[in-house]
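Participant: Letter by letter, the sequence shown follows residues 1074 to 1249 in this note's numbering.
Positions of the beta carbon are idealized from the N, C-alpha and C atoms, including for glycine.
If you scroll down you'll find the structure; I have some questions about it.
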Amino acid sequence: MQSETQITALSPVSGLLFDPLPAETRERLIRFSIDEQNSVLLPLKQLTEILNIEASEILLIPEMPRSIIGICTWRTEMLWLVDLNQYVGQRSHCDRSDRLTILVMQQQHALGLAISQVHDIELHDLGRLQPPPIGLFSPELLPFIQGVLPGSSDAVLDLNPLLDSPLWKKYPMNEA
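Written out as structure tokens, the structure is:
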């Protein structure tokens, strides 16, 4: 009869000593254009959906800031549409008949951000972000920059300042 130590030694996993895999520290980010030459990144966790909204679906609202395109219906709710480029001091690219819209949500409030083009999804470690270099971005865009990827000028956006804007206290977003 075999001893208990011999049986334990024959166990298929007892002798294997593997280092556990390191925890994944990278997050998924979506890259989209803010002008002809530049793109920015947005953490996917801030994004709810990407929509293609036709101009005929948008109700224009008079006497609003130029960056506010209007409202439309999304899942039976009213959705404010913002020209993100114009909001952050860039030239608008929302003169087409349809608009590619990134839908973001915060605390059950939805907001549509019109953009010109989505590129791809990338993995990056947000713990390694660096402060944006002085003069690289417009002063209007700086409050929305969470940081810059190391070794590049790729900005990672944080849209919470936009969602917390005083504008939405005057014109509240419906709960989604």
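Could you spell out where the beta strand (DSSP E) holding Asn1125 opens and where it closes?
Facilitator: Residue 1125 sits at position 52 when you count from the first residue of the sequence shown. It spans 1120-1127 - the beta strand (DSSP E) in which Asn1125 sits, taken as one unbroken run.
Participant: Quick one: grab the DSSP three-state call for Phe1105.
Facilitator: As a position in the sequence shown, residue 1105 is number 32, starting the count at 1. In the structure shown, Phe1105 sits in a strand (DSSP, three-state: E or B).
Participant: Indicate whether the contact test is met: 3 or more Cβ pairs, each with one atom in the stretch 1148-1167 and one in the stretch 1094-1108, closer than 8 Å.
Facilitator: Yes, the stretch 1148-1167 touches the stretch 1094-1108.
Participant: Quick check: what's the CA-CA separation for Gly1200 versus Pro1223?
Facilitator: Translated into positions along the sequence shown, residue 1200 becomes position 127. Translated into positions along the sequence shown, residue 1223 becomes position 150. The straight-line gap from Cα to Cα measures roughly 10 Å.
Participant: Between the Cα of Glu1130 and those of His1182, Asp1231, Trp1147, Leu1176, spot the shortest distance and give me the residue it belongs to.
Facilitator: Your numbering for residue 1130 matches position 57 in the sequence shown. Minimum Cα distance to Glu1130 is reached at Trp1147.
Participant: Taking all protein chains shown into account, decide if Gly1208 is buried (16 or more other Cβ within 10 angstroms of its Cβ) or exposed.
Facilitator: Here residue 1208 is taken as the residue at index 135 of the sequence shown, counted from 1. Its Cβ having fewer than 16 others within 10 Å, Gly1208 is exposed.
Participant: Buried or exposed for Ile1123, please, with buried defined as at least 16 other CB atoms from any protein chain shown within 10 angstroms of its CB.
Facilitator: Reading the sequence shown from its first residue, position 50 is the one you call residue 1123. Ile1123 is exposed by the Cβ-count criterion.
Participant: Return the chain-ordered list of same chain residues with a C-beta closer than 8 Å to the C-beta of Leu1196, the five sequence neighbours on each side being excluded.
Facilitator: If you number the sequence shown from 1, residue 1196 lands on position 123. These residues qualify, in order along the chain: Arg1099, Glu1100, Arg1101, Leu1102.
Participant: With respect to the alpha helix (DSSP H) encompassing Pro1234, which residues constitute its N-terminal and C-terminal limits?
Facilitator: To locate residue 1234, count along the sequence shown from 1; it is residue 161. Counting along the chain, the alpha helix (DSSP H) containing Pro1234 begins and ends at 1233-1236.
Participant: Using DSSP's beta-bridge definition, name the partner residues of Leu1117.
Facilitator: As a working note, residue 1117 is residue 44 in the sequence shown. For Leu1117, which the question treats as bridged, DSSP gives no partner whatsoever.
Participant: When we look at the beta-carbon of Leu1152 and count the other beta-carbons within 10 Å, is it buried (16 or more) or exposed?
Facilitator: For this step, residue 1152 is matched to residue 79 along the sequence shown. Buried: at least 16 other Cβ atoms inside 10 Å.
Participant: Between Leu1215 and Val1177, how many whole angstroms is the CB-CB distance? I'm expecting something under 8 Å.
Facilitator: Position 142 of the sequence shown, counted from the start, is the residue given in the question as residue 1215. Position 104 of the sequence shown, counted from the start, is the residue given in the question as residue 1177. No, Leu1215 and Val1177 are not in contact; Cβ-Cβ is about 19 Å, not under 8 Å.
Participant: Go ahead and pull the three-state DSSP assignment for Glu1130.
Facilitator: On the sequence shown, residue 1130 is found 57 positions in, with the first residue counted as 1. DSSP places Glu1130 in helix when its eight states are reduced to three.
Participant: Could you tell me which of Thr1149, Asp1231, Gln1190, Gly1220 sits nearest to Gln1203, measuring between CA atoms?
Facilitator: Counted from its first residue, the sequence shown places residue 1203 at position 130. When only C-alpha atoms are compared, the closest one is Gly1220.
Participant: DSSP three-state label for Gln1110, please.
Facilitator: Against the sequence shown, residue 1110 aligns to sequence position 37. DSSP places Gln1110 in coil when its eight states are reduced to three.
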